[in-house]
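The structure appears right after this line, and notes come after that.
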Amino acid sequence: MQLASSGGRRLRHAALVARELALEAGRTVTRKELSAAARDAAKALNLPTTPRVVLSELVACWGEQGWERLLVWPSNDYLVGRTALTDRAIRKSVRKLVDLGLIVPKDSPNGKRYAVKDLAGEIVDAFGFDLTPVYARRGEWATLLIEQKQRRQAQKQAFDEVTICRRATEEALSALAEHYPDLDRSSLEDDLKTLKARTPARSKTSLPTGLLDEWSLLRSHAEQAFLDAGNGGTRFRHTNNNNGFPSEPCNKGFPTKAEAVRSTEQTSEHLSPELILEACPTLSDYGQPVRDLADVVSAGRYLRASLGAHESAWAEAVEDIGTVKAAIAVIYVLQLYEDDVAKNGGESRIKNPGGYFRALTRMVKVGKIDLAVELLAMRRRRMS
Numbered sequence: 125m126q127l128a129s130s131g132g133r134r135l136r137h138a139a140l141v142a143r144e145l146a147l148e149a150g151r152t153v154t155r156k157e158l159s160a161a162a163r164d165a166a167k168a169l170n171l172p173t174t175p176r177v178v179l180s181e182l183v184a185c186w187g188e189q190g191w192e193r194l195l196v197w198p199s200n201d202y203l204v205g206r207t208a209l210t211d212r213a214i215r216k217s218v219r220k221l222v223d224l225g226l227i228v229p230k231d232s233p234n235g236k237r238y239a240v241k242d243l244a245g246e247i248v249d250a251f252g253f254d255l256t257p258v259y260a261r262r263g264e265w266a267t268l269l270i271e272q273k274q275r276r277q278a279q280k281q282a283f284d285e286v287t288i289c290r291r292a293t294e295e296a297l298s299a300l301a302e303h304y305p306d307l308d309r310s311s312l313e314d315d316l317k318t319l320k321a322r323t324p325a326r327s328k329t330s331l332p333t334g335l336l337d338e339w340s341l342l343r344s345h346a347e348q349a350f351l352d353a354g355n356g357g358t359r360f361r362h363t364n365n366n367n368g369f370p371s372e373p374c375n376k377g378f379p380t381k382a383e384a385v386r387s388t389e390q391t392s393e394h395l396s397p398e399l400i401l402e403a404c405p406t407l408s409d410y411g412q413p414v415r416d417l418a419d420v421v422s423a424g425r426y427l428r429a430s431l432g433a434h435e436s437a438w439a440e441a442v443e444d445i446g447t448v449k450a451a452i453a454v455i456y457v458l459q460l461y462e463d464d465v466a467k468n469g470g471e472s473r474i475k476n477p478g479g480y481f482r483a484l485t486r487m488v489k490v491g492k493i494d495l496a497v498e499l500l501a502m503r504r505r506r507m508s
């Protein structure tokens, strides 16, 4: 037997669930609080524009009565006039909001929306829409928004790592083409083109599963190919220069730590280790005491990888501006990056620290930037 429709609103599971939600005893809700909860709900549920506009207008109708339920009763004609939407769009949006459990219809016997008044003319009840779920579920909205933020951060980090791997791979292939043009690079270049085609642009689209691992593997293969080419096809190079007697100490002929910095690279007092430590506290990540320029050079070599800078960038910097200034440039860029992250709430405007380091060393080489001046300015800002 098929039941005939009563002509009323179709029963929806979400509406029954939302009807069970209630405010805390004695809780009064202002329009501002309800509006904030509605905005969070729209963001958490990725609500489309049209239902979002209708929800906003429903919230604006709340009169801040001291009721147990947040009831509003605007007509469709009123909502059409306020939103400039069609009557059909209003009805469709209302169904969407009901299905999402954001509002609960409270229908009158004749299907109209209106307020119920007592003998004194005071509004004591109403038939229309119950907005209580929007406010009662505000804890749920907060949790969903935190999860969304975490997903966005994880997605951004994944794309950043892919960018680093892509650039490192391209640099390795470029170095192979420059230094070992006869080496067959076709397989690596084909893999690079394939991964580029499979990698989506930075957008709301998430990174395909396993793609980051493939980029890391390709980077490893490209850098290993460059390393093997430089080693004549062997895994390691070893030159036996020990022609002395077995009784001689094994460290004979090794330079002392002070000799690691050539006399031609001795810097002025404006680039002293003390200044660098005061201007760049990130140097503490090195984990070793920094007492002289040799320690600065060791720290720069160690922290270079933290920038994501390729070894070729370090080699170019050493050749152009010397070992000491190259190490100072690494420390300076790393401090700039960390300061920017702290200032902008976990996100830096320096998207590629390794590329920034390469550009900085080139500007130091041509005299556009003086590292001493930059460090002094950084120390002044930190002390102030």
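Numbering (our numbering), first residue to last: 125 to 508. Each residue gets a CB set at the ideal place from its N, CA and C atoms; glycine is no exception.
Handout entry: Nonlocal neighbours in the same chain, by C-beta distance under 7 Å from Leu203, ignoring five residues either side
Key = Here residue 203 refers to the residue found at position 79 of the sequence shown. Once the five neighbours on either side are set aside, the close Cβ partners of Leu203 are Val178, Glu181 and Ile214.
Practice task
Please determine, among Pro413, Arg176, Pro172 and Asp249, the residue with the shortest C-alpha to C-alpha distance to Gln100.
Solution key: Residue 100 lies beyond the stretch modelled for the chain, which goes from 125 to 508, so this question has no answer here.
Practice task
Quick one: residues in its chain with C-beta nearer than 6 Å to the C-beta of Ile247, no 5 flanking neighbours on either side, listed in chain order?
Solution key: Locating residue 247 in the sequence shown gives position 123, counting from the first residue. Here the set comprises Ala239 and Lys241.
Practice task
Return yes when the Cβ of Ala346 is within less than 8 Å of the Cβ of His434, no when it is not.
Solution key: Here residue 434 refers to the residue found at position 310 of the sequence shown. Here residue 346 refers to the residue found at position 222 of the sequence shown. Contact flag unset, no.
Practice task
Report all residues from its chain with a CB closer than 8 Å to the CB of Leu342; omit the five preceding and five following residues, and keep chain order.
Solution key: Here residue 342 corresponds to residue number 218 of the sequence shown, with the count starting at 1. Excluding residues within five positions, the ones whose Cβ falls inside 8 Å are Cys289, Thr293, Leu312, Asp315, Leu316 and Leu319.
Practice task
Mark Gly205 as exposed unless 16 or more other C-beta atoms lie within 10 angstroms of its C-beta, in which case mark it buried.
Solution key: Here residue 205 refers to the residue found at position 81 of the sequence shown. That one is exposed.
Practice task
State yes or no: is the C-beta of Leu499 within less than 8 Å of the C-beta of Leu399?
Solution key: Translated into the one-based positions of the sequence shown, residue 499 becomes position 375. Translated into the one-based positions of the sequence shown, residue 399 becomes position 275. Yes, they are a contact pair.
Problem - CB of Ala353 within 8 Å of CB of Leu297, strictly - result: For this step, residue 353 is matched to residue 229 along the sequence shown. For this step, residue 297 is matched to residue 173 along the sequence shown. For Ala353 and Leu297, no; Cβs fall outside 8 Å.
Practice task
Could you tell me whether the region 219-227 touches the region 267-286, where touching means 3 or more Cβ pairs closer than 8 Å?
Solution key: no
Handout entry: Supposed contact pair Asp254 and Leu195 - C-beta distance, whole angstroms, cut 8 Å
Key = Translated into positions along the sequence shown, residue 195 becomes position 71. Translated into positions along the sequence shown, residue 254 becomes position 130. Their Cβ separation, rounded to whole angstroms, is 6 Å, which keeps Leu195 and Asp254 in contact under 8 Å.
Exercise for the section: Just confirm the distance between the C-beta atoms of Leu158 and Val183, as a whole number of angstroms; I'd bet it's less than 8 Å. Expected result: One-based indexing of the sequence shown puts residue 158 at position 34. One-based indexing of the sequence shown puts residue 183 at position 59. Going by Cβ atoms, the distance from Leu158 to Val183 rounds to 5 Å, so yes, they are a contact pair.
Exercise for the section: Indicate the three-state DSSP secondary structure (helix, strand or coil) for Ile474 in the structure shown. Expected result: Counting from 1 along the sequence shown, the entry for residue 474 is found at position 350. Ile474: coil per DSSP, three-state reduction.
Problem - Reference Arg482; option with closest CA among Arg504, Ala496 and Ile445 - result: Against the sequence shown, residue 482 aligns to sequence position 358. Looking at the Cα atoms, Ile445 is the closest of the given residues.
Handout entry: Member of Ser344, Ala244, Ala160 and Arg176 whose CA lies at the smallest distance from the CA of Tyr259
Key = Here the question's residue 259 lines up with position 135 in the sequence shown. The option with the nearest alpha carbon to Tyr259 is Ala160.
Exercise for the section: Would you check if the region 487-505 and the region 446-462 touch, i.e. whether three or more CB-CB distances between them fall below 8 Å? Expected result: yes
Practice task
Out of Ile493, Glu443 and Cys404, state which residue places its alpha-carbon closest to the alpha-carbon of Arg504.
Solution key: To locate residue 504, count along the sequence shown from 1; it is residue 380. The shortest Cα separation from Arg504 among Ile493, Glu443 and Cys404 belongs to Cys404.
Practice task
Buried or exposed for Glu295, please, with buried defined as at least 16 other CB atoms from any protein chain shown within 10 angstroms of its CB.
Solution key: Mapped onto the sequence shown, residue 295 falls at position 171. Glu295 is buried by the Cβ-count criterion.
Problem - Proximity below 8 Å, CB of Val414 to CB of Val421 - result: In the sequence shown, counting from the first residue as 1, residue 414 sits at position 290. In the sequence shown, counting from the first residue as 1, residue 421 sits at position 297. In this structure, Val421 does not lie closer than 8 Å to Val414 by Cβ.
Practice task
Starting from Val448, follow the alpha helix (DSSP H) in both directions and report where the run begins and ends.
Solution key: Here residue 448 refers to the residue found at position 324 of the sequence shown. Run containing Val448: Thr447 to Lys467, per the alpha helix (DSSP H) assignment.
Handout entry: Selection from Ser408, Asn200, Val488 and Arg309 that minimises the alpha carbon distance to Val442
Key = Counting from one through the sequence shown, the residue named residue 442 turns up at place 318. Checked all of Ser408, Asn200, Val488 and Arg309; the closest Cα to Val442 is Val488.
Practice task
Give every residue of the same chain whose Cβ lies closer than 7 Å to the Cβ of Trp197, excluding the five residues on either side of it in the sequence, and list them in chain order.
Solution key: Along the sequence shown, one-based indexing puts residue 197 at 73. Excluding positions up to five away in sequence, the list reads Arg237, Tyr238, Ala239, Ala250, Phe251 and Gly252.
Problem - Pairwise C-alpha distance: Arg155 and Glu192 - result: Here residue 192 refers to the residue found at position 68 when the sequence shown is read from its first residue. Here residue 155 refers to the residue found at position 31 when the sequence shown is read from its first residue. Each residue's Cα considered, the two are about 15 Å apart.
Practice task
Could you tell me if Pro477 is buried or exposed, where buried requires 16 or more neighbouring beta carbons within 10 angstroms of its beta carbon?
Solution key: Stepping through the sequence shown from its first residue, residue 477 is reached at position 353. Buried, since its Cβ has 16 or more Cβ neighbours within 10 Å.
Problem - Three-state secondary structure (DSSP) of Gly252 - result: Indexing the sequence shown from 1 puts residue 252 at position 128. Strand, per DSSP.
Handout entry: Outcome for Arg275 when other beta-carbon atoms lying within 10 angstroms are tallied against a minimum of 16
Key = If you number the sequence shown from 1, residue 275 lands on position 151. With fewer than 16 Cβ atoms within 10 Å of its Cβ, Arg275 is classed as exposed.
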